[in-house]
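Visitor: Shown below is the structure under consideration.
2 protein chains.
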Amino acid sequence: MTDRVAVVGIGHAKFGKRTDATIRELAHEAATPALEDAKLTATEIDASVVGIAGDVFAAQGSPGAVVHDYVGMGSKPSFRVEAACATGSAGVRTAWSLIRAGLAQVVLVVGAETMTHVGTPMATEWMARAGDTRWEYPYGITFPGFYALMATRHMHEFGTSRMQLSMVSVKSHKYGAMNPYAHLQKEVSLEEAMKSVPICQPLNLYDCCLISDGAAAVVMASEERAKKITDTPVWLRGLGAGSDTMMINERPSLVGLAATKVAAEHAYKMATVTPGDIDVACTHDCFSIAEIMSYEDLGFCKKGEGGKFIEEGQSYVGGKVPVNVDGGLKSKGHPLGATGVSMTYEIVKQLRGEAGKRQVAGAEVGLTHNVGETGQYCFVHVYKR
Amino acid sequence: MTDRVAVVGIGHAKFGKRTDATIRELAHEAATPALEDAKLTATEIDASVVGIAGDVFAAQGSPGAVVHDYVGMGSKPSFRVEAACATGSAGVRTAWSLIRAGLAQVVLVVGAETMTHVGTPMATEWMARAGDTRWEYPYGITFPGFYALMATRHMHEFGTSRMQLSMVSVKSHKYGAMNPYAHLQKEVSLEEAMKSVPICQPLNLYDCCLISDGAAAVVMASEERAKKITDTPVWLRGLGAGSDTMMINERPSLVGLAATKVAAEHAYKMATVTPGDIDVACTHDCFSIAEIMSYEDLGFCKKGEGGKFIEEGQSYVGGKVPVNVDGGLKSKGHPLGATGVSMTYEIVKQLRGEAGKRQVAGAEVGLTHNVGETGQYCFVHVYKR
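Quick note, the sequences are listed as chains A and B, same order.
Numbering-wise, my numbering puts 368 at position 371 of the first sequence, and it's gapless, one number per residue.
Numbering-wise, my numbering puts 346 at position 349 of the second sequence, and it's gapless, one number per residue.
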């Protein structure tokens, strides 16, 4: 039985409005460099796990099969996983499990999504259908609405300000401008972010992540194989997962995600680390308020102090815990199925010391935090060199 | 690290045209008896895996979250798996892996689908979109068409007859009439089956499985926990999986499914059994020709002799390998995500000796064979008492 499981290869497609590529082509654009990075051919991989959130976005029923075939996996085992916006991390969790369980030694995880082709209003509409289609969606609420409720309550309880929300976006864009795979590679000023058009009060345009196309891929391997494949394995040492009620009106509090706390507790315990040990993190910033809540729910600061955390610059490189220094969902983009795998990509780059201008010096412990919907799914993973 | 993993609880919703129930209610109808069978409450389960093939059929984005919540799993880890018509078996494989990997001790697998609400023509259309939507679907082929091509070639190469195809249906309906959960609980005569309306030459109505709503659930546990939970654990000892090209025109042969052979080889080897050891099997009879090919590809008979196998009654109770004595997809129904879990349900019933009138006396080794699309996914599982 294998002891540890490592990421031994990573690849990333350019996120953006990719009218030039279908979902299979985006997957190939990410899987090919991941295999090259691991110095493996597709025939040397034991199984694939494909993460795609929406059949409708892919315009393909059972879309994992198309990707599996197109990246050259042939007769190897495969299936698709889905956990809404946390789909990619469900893929990483599944690959880790397949390897630890002994069903495979080397697994390719591909996360992909095509979204821009339907336009932003329709994409927002389709994502809203991941809310409860019996009891929430028919009344008109969309995801900006869900998170606006949380932001409103967070501002009410803790005095979190519009400026602090906008500061999250300014940070994301600062780092996104340094990430060649990011959708929007441009910095924004605090004034621009604060004065951007309202989407759903109190959230403005710059509080909301992008609708993007994209893909990311990682190759994961058992300890025995990993050591043969690479000198720079990055070990996935802590895996936590949590859920929450389907409808947010059933939750006792809106100022945080209970699923994040559950997932983080599992992951920290399993990896024998504390929040203070995390050198760099990718957290789920689908909306600015989500990143602020993530600081708190992951234990980087106390509940209610997330606004202060960004205002003090603690989530910048050089701060207490650099967060989303790849640009995050806000600037890099959020092709649903790709996001969790892209987070893994970034943490591996950081722990290998290959993150270039956005490198966190000496990073040894990294964390990914990937939320589906409003916490119906949450996966927290802790990586070590 | 856990050694073996067992099924310790099973539950089944009534398959059929279930206009009385939503997908969450069907899932509940299956999960509740599964938990009762294991004498566990939902709070004692560590994680859920939900198998649902189509968002569109469920009329719910990310439909696993709704099921997870409604069956009472609260904050526990979950995600959805999908492998087209083999979705349920991907769920069982995932649960086995999570347990073996040590991420959970007891896992609930729920497979569910609602299909009849869209009507048979639209359901057929939507399923066709699991064919390649770039290179197959636009040219009008649907799943009866794919399997009709295979049937035509099988008849051409091996002399398989229309009568033999119909005999598969007669057997399915004989046993389906004894299964209280089956959609169509009625026997059909060979004459009725042979004279039923053509669907896609050479396949008639009775060669094609039903469009059904339904759900099934199983509770799986580590060896340590299983022994405390039940005196009749059924151990999942062999797991095999295979894939094939996305487009069937790229395959060297149409008279069998290469993915089945790959998956069976893995499963037999892992379980240290041969085809001759299988006492009872549920195989993927989405079309009559698919069951005939399954006899061959699983090694119950030689390639080309599947027609003779059914004609000689070898797949009846008392024959060489009783197959689909729960009625199969043909008579029991095929709610996509539920099917693989329902196969597991039946094999556990058989190995526990609880299958009543359709019991295979003294069954000790059982097999499930679940195909997605035309073999883009295939999972073969071997169970032992």
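Glycine included, C-beta positions come from ideal geometry on N, C-alpha and C.
For TYR144 (chain B), count the other beta carbons within 10 Å of its own beta carbon; 16 or more makes it buried, fewer makes it exposed. Which is it?
Guide: With a 10 Å radius around the Cβ and a threshold of 16 neighbouring Cβ atoms, TYR144 (chain B) comes out buried.
Visitor: Kindly list the residues whose CB is nearer than 8 Å to the CB of GLU22 (chain B), restricted to its own chain and excluding five residues on each side of it in sequence; keep chain order.
Guide: TYR67
Visitor: Got a sec? Which residues, its chain only, sit under 7 Å from THR229 (chain B) by beta carbon, not counting five neighbours each side?
Guide: Excluding positions up to five away in sequence, the list reads ARG349.
Visitor: Taking only three categories from DSSP, how would you classify HIS114 (chain A)?
Guide: helix
Visitor: Let's test the definition: count the other Cβ atoms within 10 Å of the Cβ of ASP129 (chain A) and tell me whether it reaches 16, buried, or not, exposed.
Guide: buried
Visitor: What number of angstroms, rounded off, separates the C-alpha of ARG234 (chain B) from the C-alpha of THR269 (chain B)?
Guide: 9 Å
Visitor: Alpha carbon to alpha carbon, how far is THR38 (chain B) from LYS168 (chain A)? Give it in angstroms, no decimals.
Guide: 46 Å
Visitor: Can you give me, in chain order, the residues of the segment 11 to 28 of chain B that have a beta carbon less than 9 Å from any beta carbon in chain A?
Guide: Per Cβ criterion, the list reads THR19 and ARG21.
Visitor: Any idea if PRO141 (chain A) is buried or exposed, counting beta-carbon neighbours within 10 angstroms, 16 or more meaning buried?
Guide: buried
Visitor: Nearest CA to the CA of THR389 (chain A): which residue from B:SER75, B:ARG15 and B:ASP34?
Guide: This structure cannot speak to residue 389 (chain A), because chain A is shown only from -2 to 382.
Visitor: The beta strand (DSSP E) spanning ILE96 (chain A) covers which residue range?
Guide: Looking at the DSSP string, ILE96 (chain A) is not in any beta strand (DSSP E); the run it does join, the alpha helix (DSSP H), is 84 to 97.
Visitor: According to the neighbour-count rule (16 or more other Cβ atoms, all chains shown, within 10 Å of its Cβ), is SER209 (chain A) buried or exposed?
Guide: buried
Visitor: I'd like to check one pair, GLU220 (chain A) with VAL2 (chain A): are the Cβ atoms closer than 9 Å?
Guide: Yes, Cβ-Cβ distance for VAL2 (chain A) and GLU220 (chain A) is below 9 Å.
Visitor: Tell me whether ASN246 (chain A) sits in a helix, a strand or coil according to DSSP, three-state version.
Guide: helix
Visitor: Strictly below 9 Å CB to CB, what residues from chain A border ARG97 (chain B)?
Guide: MET(-2), SER94, ARG97, ALA98, GLY99 and LEU100
Visitor: So ASP228 (chain B) contacts chain A; which residues on that side make the cut at Cβ distance below 9 Å?
Guide: None at all; the shortest Cβ gap to chain A is about 26 Å.
Visitor: When burial is assigned at 16 or more other CB atoms within 10 Å of the CB, is PRO332 (chain B) buried or exposed?
Guide: buried
Visitor: The segment 329 to 346 of chain A: which residues have C-beta closer than 7 Å to a C-beta of chain B, in chain order?
Guide: none
Visitor: Taking a contact to mean a Cβ-Cβ separation below 9 Å, would you say GLY303 (chain A) touches HIS180 (chain A) in this structure?
Guide: no
Visitor: Under 8 Å, with one C-beta from each stretch per pair, do the segment 57 to 67 of chain B and the segment 113 to 132 of chain B reach the 3-pair mark?
Guide: no
Visitor: Taking DSSP as the reference, what is the three-state secondary structure of PHE76 (chain B)?
Guide: strand
Visitor: When the cut-off is 9 Å and only beta carbons count, does HIS65 (chain A) lie next to chain B?
Guide: yes
Visitor: Which first and last residues belong to the beta strand (DSSP E) in which LEU233 (chain A) is found?
Guide: 231 to 239
Visitor: ALA256 (chain B) CB to nearest chain A CB: under 9 Å?
Guide: yes
Visitor: Between SER159 (chain B) and MET191 (chain B), how many whole angstroms is the CB-CB distance? I'm expecting something under 8 Å.
Guide: According to the sequence displayed, residue 159 (chain B) carries Arg and not Ser. 6 Å between Cβ atoms; contact.
Visitor: State yes or no: is the C-beta of TYR374 (chain B) within less than 9 Å of the C-beta of LEU364 (chain B)?
Guide: no
Visitor: What does a CB cutoff of less than 6 Å around TRP232 (chain B) pick up in its chain, not counting 5 residues either side in sequence?
Guide: ARG1, ALA3 and LYS381
Visitor: In chain order, what residues of the segment 349 to 370 of chain B put their CB closer than 8 Å to some CB of chain A?
Guide: GLY369 and GLU370
Visitor: Just grab the DSSP bridge partners of ILE196 (chain A) for me.
Guide: Paired residues: none, contrary to the question.
Visitor: Please determine if the segment 195 to 212 of chain B and the segment 42 to 57 of chain A are in contact, where contact requires at least 3 C-beta pairs separated by less than 8 Å.
Guide: no
Visitor: Cutting at 7 Å between CB atoms, please list the residues of its own chain near ALA335 (chain A), excluding the five before and the five after it.
Guide: GLY85, GLY108, ALA109, GLU110, GLY211, ALA212 and ALA213
Visitor: Would you mind reading off the limits of the beta strand (DSSP E) that contains VAL270 (chain B)?
Guide: From DSSP, VAL270 (chain B) is part of no beta strand (DSSP E); its letter is neither H nor E.
Visitor: Taking C-beta pairs closer than 8 Å, name the residues in chain A that TRP232 (chain B) reaches, listed in chain order.
Guide: Correct list: empty, because the minimum Cβ distance to chain A is about 15 Å.
Visitor: For a cutoff of 9 Å on Cβ pairs, would you count LYS327 (chain B) as touching chain A?
Guide: no
Visitor: What is the residue span of the beta strand (DSSP E) that ILE7 (chain A) lies within?
Guide: Boundaries of the beta strand (DSSP E) around ILE7 (chain A): 2 to 9.
Visitor: In chain A, which residues lie less than 7 Å from LYS300 (chain B) when you measure between Cβ atoms?
Guide: Result: empty, since nearest Cβ-Cβ is about 18 Å, beyond 7 Å.
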